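In our numbering, the protein residues as written are 451 to 978.
One structure is given below, encoded as structure tokens.
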Amino acid sequence: MASTVDSSSNKSSLLMLREKVKKLGRVPASWAAYAWSIGREDQRRAIHALKVGLALTLVSLLYILEPLFKGLGKNAMWAVMTVVVVLEFTAGATICKGLNRGFGTVVAASLAFIIELVAVKSGKVFRGFFVASSVFLIGFAATYLRFFPSIKKSYDYGVVIFLLTFNLITVSSFRQENVLPLARDRLSTIAIGCAICLFMSLLVLPNWSGEDLHSCTVRKFEGLAKSVEGCVNEYFRDQEKDDNIFDNKASRDSIHIGYRAVLESKSNDETLAHYASWEPRHSTQCYSYPWQKYVKLGSVLRHFAYTVAALHGCLESEIQTPTSVRSLFRNPCTRVAREVTKVLQELADSIRNHHRCAPDVLSDHLHEALQDLNSAIRSQPRLFLGSKHGSVNSRMLIELTSGKHTASRTALPSFKTDTASLLERKITKGDQPSERNERSTLGRTLSKIAITSLEFSEALPFAAFASLLVEMVVRLELVIEEVKELERAANFKEFTGHDHLTIDLTCKEEKRNNNGVPGSHTVSSAAE
Numbered sequence: 451m452a453s454t455v456d457s458s459s460n461k462s463s464l465l466m467l468r469e470k471v472k473k474l475g476r477v478p479a480s481w482a483a484y485a486w487s488i489g490r491e492d493q494r495r496a497i498h499a500l501k502v503g504l505a506l507t508l509v510s511l512l513y514i515l516e517p518l519f520k521g522l523g524k525n526a527m528w529a530v531m532t533v534v535v536v537l538e539f540t541a542g543a544t545i546c547k548g549l550n551r552g553f554g555t556v557v558a559a560s561l562a563f564i565i566e567l568v569a570v571k572s573g574k575v576f577r578g579f580f581v582a583s584s585v586f587l588i589g590f591a592a593t594y595l596r597f598f599p600s601i602k603k604s605y606d607y608g609v610v611i612f613l614l615t616f617n618l619i620t621v622s623s624f625r626q627e628n629v630l631p632l633a634r635d636r637l638s639t640i641a642i643g644c645a646i647c648l649f650m651s652l653l654v655l656p657n658w659s660g661e662d663l664h665s666c667t668v669r670k671f672e673g674l675a676k677s678v679e680g681c682v683n684e685y686f687r688d689q690e691k692d693d694n695i696f697d698n699k700a701s702r703d704s705i706h707i708g709y710r711a712v713l714e715s716k717s718n719d720e721t722l723a724h725y726a727s728w729e730p731r732h733s734t735q736c737y738s739y740p741w742q743k744y745v746k747l748g749s750v751l752r753h754f755a756y757t758v759a760a761l762h763g764c765l766e767s768e769i770q771t772p773t774s775v776r777s778l779f780r781n782p783c784t785r786v787a788r789e790v791t792k793v794l795q796e797l798a799d800s801i802r803n804h805h806r807c808a809p810d811v812l813s814d815h816l817h818e819a820l821q822d823l824n825s826a827i828r829s830q831p832r833l834f835l836g837s838k839h840g841s842v843n844s845r846m847l848i849e850l851t852s853g854k855h856t857a858s859r860t861a862l863p864s865f866k867t868d869t870a871s872l873l874e875r876k877i878t879k880g881d882q883p884s885e886r887n888e889r890s891t892l893g894r895t896l897s898k899i900a901i902t903s904l905e906f907s908e909a910l911p912f913a914a915f916a917s918l919l920v921e922m923v924v925r926l927e928l929v930i931e932e933v934k935e936l937e938r939a940a941n942f943k944e945f946t947g948h949d950h951l952t953i954d955l956t957c958k959e960e961k962r963n964n965n966g967v968p969g970s971h972t973v974s975s976a977a978e
């Protein structure tokens, strides 16, 4: 019996061991697949990794080749450190860190050399005191300087490098007679490292921060257009006809992707605009490209995205307008959303192609769609003014509430001091459980009537949805004004008839009703 138990336990342990080995064997394959997906998402990541590897190989020749090592010595390691720290993904970030590192090193070496000239003429005791006090004062001043907003934004890395280089040269000079060769070697190795980084960033398949910011702005407009259209289509989708739960969940989840990317883009926009300001100018028509205009446009787009997020919140609300009531306003709402989507797509195309948008980008069709929505709401006044049932419930609520106050007033005990009052209080304590039951029943009745009275209109949730659509159009006008400011500041090409885009945005619901197949966006360019 014991041998049978031992054999079964051995078999189970072997099976568990095999499962663990299989899982461990699948780990490298899963890691490889994940790494491949990261590279496919943006091929520039793999190219940047190759550039960093090539730069490190080149700078390591300072150590490997004997003639170069004899000329620079162990200070060649500073070139390797410079490549590792300075070489960034975009050219603007590399230029920013390279110039900060070079300027901080030059200033620190010059200041350390001046302090050494002053300290070398004094005695050893005074020299030590002078070096220590210099390190303290420079460290205090440089660290305090990093708290200045303008310094922290653009030159924080340079101040750190200045502080590091100054302390290394100043402290090491106390034990070394001549500090000039040390400073010279470190400056030369850092210059070699920065030169290799700039060569790789500017001349070998460069990645520009300005282009990333420009493309990111275009994607924001396109994402918001998809979110607006998806919100309205999902709001008026027939829940009874569309029984596919997984498709419905996927369509709802895809809505928030567009506006969420806009809401989370503030820090990325500011970083890209800062690095883009360090890059060579991208336009021959303006001396300084207005990258901060992109940041301001991103701020206006975030305010627009808040409205889209609120519109998406109407889909997730617990209180929903019945489908029969929604269908009364399907056509005007989808028309408004279609016109808003069309404007967003036109703005995205104009920014992408560096040409100015059409003067009538906010066309009369959008105002006509708003008028149709207003007329549709006014044609159904009873839906928004409540019903008789709601007024009856309100009267019942008032009567029950007043009765409750009366009962509470009569139930208040009077301040009696005789024997009868004591007996009355004993009887009252015996009747308390029945009174509590009556009060709880009354409370539940009051809550039900209160909830029913609040539901005075089945179209109230739709009123919030429609008001958000109107608010979206108002904020769209602010977005258009900011886009035109960017176009003027960046000297975009003038609008011509050949730049005009005819965008056919047909609602998916209408395509489904007409052809039985969901529709898609079709963009066609037509000369005027």
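Note that CB positions come from ideal geometry on N, CA and C, so glycine has one too.
Given the structure is predicted, the values throughout are model-derived calculations rather than measurements.
Query: For GLU684 and GLY708, the rounded distance between their alpha carbons; Result: 15 Å
Query: When ALA499, GLY523 and HIS498 are compared against SER510, the one with the closest alpha-carbon; Result: GLY523
Query: Member of HIS664, ALA559 and VAL533 whose CA lies at the smallest distance from the CA of LYS547; Result: VAL533
Query: Cut-off 8 Å between Cβ atoms - residues of its own chain near GLU789, not counting five sequence neighbours on either side; Result: SER813, HIS815, LEU816 and ALA819
Query: GLN795 burial status per 10 Å Cβ neighbour count (16 or more: buried); Result: buried
Query: Straight-line gap, ARG828 to GLN821 (C-alpha atoms, nearest Å); Result: 10 Å
Query: Of the listed residues MET527, LYS743 and SER572, nearest to GLU937 (C-alpha basis); Result: LYS743
Query: Segment limits, alpha helix (DSSP H) that includes ASP799; Result: 780-802
Query: Simplified DSSP state of LYS571, which is helix, strand or coil; Result: coil
Query: Start-to-end residues for the alpha helix (DSSP H) that takes in THR757; Result: 741-765
Query: Contact set for THR555: own chain, Cβ-Cβ below 8 Å, skip 5 residues either direction; Result: ILE611, PHE612, THR615, ARG636, LEU637 and ILE640
Query: Local Cβ density within 10 Å of SER623, reported as buried at 16 or more and exposed below that; Result: buried
Query: Beta-carbon proximity of ALA755 to VAL668, cut-off 7 Å; Result: no
Query: THR544 beta carbon less than 7 Å from that of CYS647; Result: yes
Query: Start and end residues, alpha helix (DSSP H) containing LEU928; Result: 910-939
Query: ILE515 classed as buried or exposed, judged by whether at least 16 other C-beta atoms fall within 10 angstroms; Result: Inspection of the sequence shows that residue 515 is occupied by Leu rather than by Ile. The residue in question, LEU515, is exposed, as its Cβ has fewer than 16 Cβ neighbours within 10 Å.
Query: Proximity below 7 Å, CB of GLY608 to CB of ASN550; Result: yes
Query: Boundaries (first-last residue) of the alpha helix (DSSP H) holding ILE769; Result: Per DSSP, ILE769 belongs to no alpha helix (DSSP H) and is neither H nor E.
Query: Residues near SER704 in its chain [Cβ-Cβ closer than 7 Å; skip 5 each side]; Result: GLY680
Query: Inter-residue spacing [alpha-carbon to alpha-carbon] between SER659 and VAL536; Result: 15 Å
Query: Rounded straight-line distance, which links the Cα of ALA499 to that of TYR480; Result: The sequence shown places Ser at residue 480, rather than the Tyr named in the question. Taking the straight line from one Cα to the other gives about 21 Å.
Query: Identity of the residues DSSP links to LYS943 by a beta bridge; Result: HIS805
Query: Buried versus exposed, by CB contacts within 10 Å (16 or more), HIS724; Result: buried
Query: Neighbourhood of LEU904 by C-beta distance below 8 Å, restricted to the same chain and skipping five residues each side; Result: Residue confidence is low: LEU904 scores 43 on pLDDT, short of 50, so the model does not pin down where it sits. No coordinate-derived value is stated.
Query: Limits of the alpha helix (DSSP H) - the one that GLN830 falls within; Result: Careful: GLN830 lies outside any alpha helix (DSSP H) and carries neither H nor E.
Query: Beta-carbon proximity of ALA760 to VAL678, cut-off 7 Å; Result: no
Query: CB contact flag (LEU722, LEU652, <7 Å); Result: no
Query: GLN735 versus ASN525 - alpha carbon distance; Result: Interpretation of GLN735 is limited by its pLDDT of 47, a score under 50 that renders its predicted location unreliable; no figure is taken from the coordinates.
Query: Nearest to GLU766 (by Cα), restricted to the options ALA633, PHE915, CYS783 and ASN628; Result: PHE915
Query: Supposed contact pair VAL775 and PHE686 - C-beta distance, whole angstroms, cut 8 Å; Result: Rounded, the Cβ-Cβ distance is 11 Å, inconsistent with contact.
Query: PHE686 (DSSP reduced to helix, strand or coil); Result: coil
Query: Length at least 4, wholly inside the stretch 554-630: the alpha helix (DSSP H) runs in chain order; Result: 574-595, 599-604 and 606-623
Query: ARG806 vs PHE945 beta-carbon contact at 7 Å; Result: yes
Query: Among VAL793, ARG780 and ALA529, nearest to ILE930 - alpha-carbon criterion; Result: VAL793
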